[in-house]
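K.L.:
Residue numbers (the numbering used here), protein chains in the order written: chain A, 2 to 614; chain B, 46 to 267.
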């Protein structure tokens with residue numbers, strides 16, 4: 002982009018100015034006079050975070066592959082840059098053109114986590130665009146959102162013109178085609194919204210009225226002007242023929258995940274009951290080995306990246322993983338590219354594979370055990386036994402690894418102190434396992450157990466469950482600290498305040514939008530960053546809006562409650578989620594899709610074929 | 046295998062790429078261009094390069110160097126073209142040449158030529174150029190110079206080999222040769238000096254462009 006004198010003057014004063022200038026290899030610059038649709042792909046967090054997001058890369062490539070469409074990237078400036086921009090009167094701009102985002106036709110925000118919501122309002126405001134949808138009268142600056150948090154779009158309803166639910170690759174094209182027609186034929190915004198709501202997977206919140214019961218729960222969500230009663234998510238059925246970018250924008254400055262990526266499959270066969278991705282990305286669809294090799298080669302060739310990572314929710318469940326890994330390794334070794342395999346299961350096959358792949362120093366192994374006892378792991382349907390874990394550790398310690406991280410959650414439904422006792426025992430067993438198996442005791446071992454706070458998410462079997470209160474969490478943490486006293490085991494825990502806020506917005510209704518607005522007005526932004534998060538400002542905002550955050554976070558919801566997101570479909574049926582909730586109370590696991598079909602209902606989205614199990 | 050040197054410019058957007066990031070950019074561009082270069086042979090093989098005289102983040106420059114090891118018999122004839130086809134915006138290679146006898150050593154670099162632009166949004170104030178010329182002609186210009194070894198009072202004139210000023214409509218450009226390498230002086234001290242000695246003419250902004258490097262005898266370094 003062309004840098005103005007004004008911008009050049011502030012850039013030397015801010016941290017990491019390379020984030021704000023564009024011009025990276027692979028970024029797409031078109032002639033603004035030769036396009037009829039300008040799209041802003043907005044990530045409501047910093048450049049380093051947003052540039053690491055695969056979904057945005059896919060849609061960026063897809064949109065720019067369309068004739069007449071120019072898609073730019075827009076990120077939230079860090080606070081030092083925001084202050085400078087506001088002081089110098091520089092509006093938020095797209096990194097390709099440097100033009101204010103108010104020049105763009107559509108602003109598409111990806112919703113990856115609830116704590117980024119204030120950044121959406123802040124970014125619109127920085128671009129001089131009204132944050133409320135009702136105050137944006139024209140077709141221009143249409144605000145569209147998609148991504149995981151769109152499965153409960155309600156807290157953002159007043160700010161957003163339309164949501165795209167589910168896989169974006171197909172619905173995005175239908176959406177922009179209609180927008181281009183609307184622009185050409187001079188439709189009003191209302192006209193457009195009333196038409197676009199009939200594209201499958203598009204939810205226009207202003208076309209739905211919400212009524213409430215006396216107790217504050219939702220009574221009904223009623224569509225108007227002919228909008229559909231239920232918006233089912235979109236899926237791309239055939240990933241082999243789906244658009245995938247053969248080029249990546251290669252950042253000129255360090256980002257969080259700075260590597261090439263290929264996506265193995267969508268969906269997850271495991272069905273962990275706390276996991277939103279596991280229930281909203283169904284049905285399982287995978288790419289063939291040939292497609293993956295071709296795409297990996299293209300991306301590496303174009304980007305010059307020295308590392309490639311396989312992306313999926315559960316890499317070990319890719320049925321041709323050995324074949325794929327062999328072929329990829331051949332290719333990578335000849336090019337001196339390293340291969341990384343995240344999300345592997347704790348079994349010996351995976352570890353052998355990792356050992357083969359990681360010729361680099363044996364840094365650390367991470368196991369997501371999630372819960373300390375077998376009973377609780379059955380409640381949450383985490384198909385992992387202590388035996389699996391110890392076998393994997395035995396293998397790893399024998400092979401020279403000496404750094405193991407364990408992830409746990411606190412505050413899971415039905416959890417008691419006995420589960421924590423077993424968590425501590427598990428850590429002791431692992432420490433003992435190291436002692437028995439390590440070839441070199443002198444090197445020592447580092448076992449880290451971190452516990453985060455469970456956040457019940459919509460569209461999961463635990464959507465009915467209460468998040469434990471802050472007081473209860475504090476008690477749990479205190480108890481855990483007394484039992485986690487093994488030598489060689491470091492215990493870390495997360496602060497519960499952000500998890501509480503996350504819980505409110507994850508299952509919030511339209512009224513929580515007021516608190517969001519109020520909190521943003523009082524200065525809340527970048528809430529996912531410790532140095533910015535201000536819990537008290539948030540509590541004040543809820544109070545000022547007459548809302549009780551505990552109503553959303555800490556209330557056990559009855560099985561027949563109407564949820565604010567009941568009119569949004571994630572593929573998995575509510576009946577299945579309910580069944581899973583009931584099984585969880587009996588600590589009854591549900592086998593993975595690879596063993597037997599649990600009847601989640603997502604297969605109905607696969608027209609004329611089955612899940613790729 | 047032999048040593049090779051690439052001369053490049055770093056302007057516009059690329060001016061904001063930091064030194065460490067520049068190394069990554071160059072390594073990836075070389076990988077994209079499939080140049081025959083030597084990779085390190087440790088656990089984590091990467092293209093071996095070294096950047097002479099890194100520019101401060103935010104400075105642009107047009108006489109910059111990266112050294113690397115070439116594994117072919119000679120540098121491919123189209124190497125410059127291939128690299129420039131895959132560079133981020135603002136990075137551009139001018140020439141690549143072998144360092145037959147080891148080449149000029151980076152430690153021979155003694156001076157840098159800078160173009161400093163002092164911006165005046167309301168037009169260049171009358172009297173500024175004369176006042177600045179007078180200022181830089183003084184025999185003694187003491188400043189507090191900061192380095193890794195701490196602060197020290199020095200005379201700028203000991204580090205300067207001439208300065209000429211050119212006035213434009215809304216800016217004044219200063220061309221000056223300053224100590225580099227072991228005897229480095231940041232051109233920002235000249236701006237600081239103006240702010241201190243001529244506060245009535247404080248410019249609204251300043252940019253720095255690196256034009257050339259020299260050895261101790263003021264021969265062009267390449």
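Note that CB positions come from ideal geometry on N, CA and C, so glycine has one too. In this text, all values refer to a predicted model and were calculated from it rather than measured experimentally.
Between residue 305 (chain A) and residue 257 (chain A), which are expected to be in contact by the criterion C-beta below 8 Å, what is the C-beta distance as a whole number of angstroms?
P.N.:
Rounded, the Cβ-Cβ distance is 19 Å, inconsistent with contact.
K.L.:
Using DSSP's beta-bridge definition, name the partner residues of residue 143 (chain B).
P.N.:
B:49
K.L.:
Taking only three categories from DSSP, how would you classify residue 177 (chain A)?
P.N.:
helix
K.L.:
Measure from the C-beta of residue 123 (chain B) to each C-beta in chain A and report whether the shortest distance is under 8 Å.
P.N.:
no
K.L.:
Using the beta-carbon of each residue, which ones in chain A are nearer than 8 Å to residue 59 (chain B)?
P.N.:
24 and 253
K.L.:
Find the residues of chain B that neighbour residue 562 (chain A), judging by a C-beta separation of less than 7 Å, and give them in chain order.
P.N.:
The premise fails here: residue 562 (chain A) is roughly 51 Å from chain B at the closest Cβ pair, so nothing lies under 7 Å.
K.L.:
With DSSP as the reference, identify every bridge partner of residue 458 (chain A), one or two as the case may be.
P.N.:
Looking at the DSSP assignment, residue 458 (chain A) forms no beta bridge with any residue, so it has no partner.
K.L.:
Would residue 527 (chain A) be called buried (16 or more neighbouring beta carbons within 10 Å of its own) or exposed?
P.N.:
buried
K.L.:
Using DSSP bridges, identify the partner residues of residue 79 (chain A).
P.N.:
Answer is none; residue 79 (chain A) lacks a bridge partner.
K.L.:
Three-state secondary structure (DSSP) at residue 254 (chain B)?
P.N.:
strand
K.L.:
With a floor of 4 residues, list each alpha helix (DSSP H) that falls wholly inside the segment 434-505 of chain A, ordered by position along the chain.
P.N.:
Here the runs fully enclosed are 471-484.
K.L.:
Name the DSSP bridge partner or partners of residue 203 (chain A)?
P.N.:
Residue 203 (chain A) is bridged to A:165.
K.L.:
Using the beta-carbon of each residue, which ones in chain A are nearer than 8 Å to residue 133 (chain B)?
P.N.:
24, 25, 26, 251 and 253
K.L.:
Could you tell me the alpha carbon to alpha carbon distance between residue 237 (chain B) and residue 119 (chain A), rounded to whole angstroms?
P.N.:
Distance between the alpha carbons of residue 237 (chain B) and residue 119 (chain A) is about 40 Å.
K.L.:
Closer than 6 Å by C-beta to residue 553 (chain A): which residues in its own chain qualify, once you throw out the five before and the five after it? Chain order, please.
P.N.:
505, 508 and 509
K.L.:
Under the three-state reduction of DSSP, which class applies to residue 231 (chain B): helix, strand or coil?
P.N.:
Residue 231 (chain B) falls in the coil class under three-state DSSP.
K.L.:
What span of residues does the alpha helix (DSSP H) with residue 51 (chain A) cover, start to end?
P.N.:
Residues 48-51.
K.L.:
Figure out for me which residue from B:164, B:234, B:266 and B:212 has the closest Cα to the Cα of residue 198 (chain B).
P.N.:
B:234
K.L.:
Hey, would you say residue 325 (chain A) sits closer than 8 Å to residue 342 (chain A), going by beta carbons?
P.N.:
no
K.L.:
I believe residue 111 (chain B) touches residue 53 (chain B) by the beta-carbon criterion, under 8 Å. Please report the beta-carbon distance rounded to the nearest angstrom.
P.N.:
7 Å
K.L.:
Look at residue 539 (chain A) and residue 520 (chain A) and say whether their C-beta atoms are less than 8 Å apart.
P.N.:
yes
K.L.:
Can you tell me which residues form a DSSP beta bridge with residue 221 (chain A)?
P.N.:
A:212
K.L.:
Does the beta carbon of residue 90 (chain B) come closer than 8 Å to any beta carbon on chain A?
P.N.:
Nearest CB-CB separation between residue 90 (chain B) and chain A: below the 8 Å threshold.
K.L.:
Just mark residue 158 (chain A) as buried or exposed, buried being the case when its beta carbon has 16 or more other beta carbons within 10 Å.
P.N.:
Residue 158 (chain A) should be labelled buried.
K.L.:
When we look at the beta-carbon of residue 482 (chain A) and count the other beta-carbons within 10 Å, is it buried (16 or more) or exposed?
P.N.:
exposed
K.L.:
Thinking C-alpha only, which one of A:321, A:298 and A:451 is nearest residue 367 (chain A)?
P.N.:
A:451
K.L.:
Residue 78 (chain A) and residue 103 (chain B): beta carbons closer than 8 Å?
P.N.:
no
K.L.:
Determine contact between the segment 80-89 of chain A and the segment 56-69 of chain A, defined as no fewer than three beta-carbon pairs at a distance below 8 Å.
P.N.:
no
K.L.:
Starting from residue 66 (chain B), find everything on chain A with Cβ-Cβ shorter than 7 Å and list it in chain order.
P.N.:
19, 253, 254 and 255
K.L.:
Can we say the segment 211-225 of chain A touches the segment 89-102 of chain B, given the rule of at least three CB pairs closer than 8 Å?
P.N.:
Output reads no: the segment 89-102 of chain B does not touch the segment 211-225 of chain A.
K.L.:
Starting from the beta carbon of residue 84 (chain B), find every residue of chain A whose beta carbon is closer than 7 Å, and list them in chain order.
P.N.:
337
K.L.:
Determine contact between the segment 396-403 of chain A and the segment 435-442 of chain A, defined as no fewer than three beta-carbon pairs at a distance below 8 Å.
P.N.:
yes
K.L.:
Could you confirm whether any beta carbon from chain A is found closer than 8 Å to the beta carbon of residue 161 (chain B)?
P.N.:
no
K.L.:
Can you confirm whether residue 78 (chain A), when its beta carbon is compared against all beta carbons of chain B, has any partner nearer than 8 Å?
P.N.:
no
K.L.:
Given a cut-off of 8 Å, decide if residue 173 (chain A) and residue 165 (chain A) are closer than it, judged by their beta-carbon atoms.
P.N.:
Yes, Cβ-Cβ distance for residue 165 (chain A) and residue 173 (chain A) is below 8 Å.
K.L.:
Measuring CA to CA, which of B:201, B:164, B:86 and B:194 is closest to residue 218 (chain B)?
P.N.:
Each of B:201, B:164, B:86 and B:194 was checked against the Cα of residue 218 (chain B), and the nearest Cα belongs to B:164.
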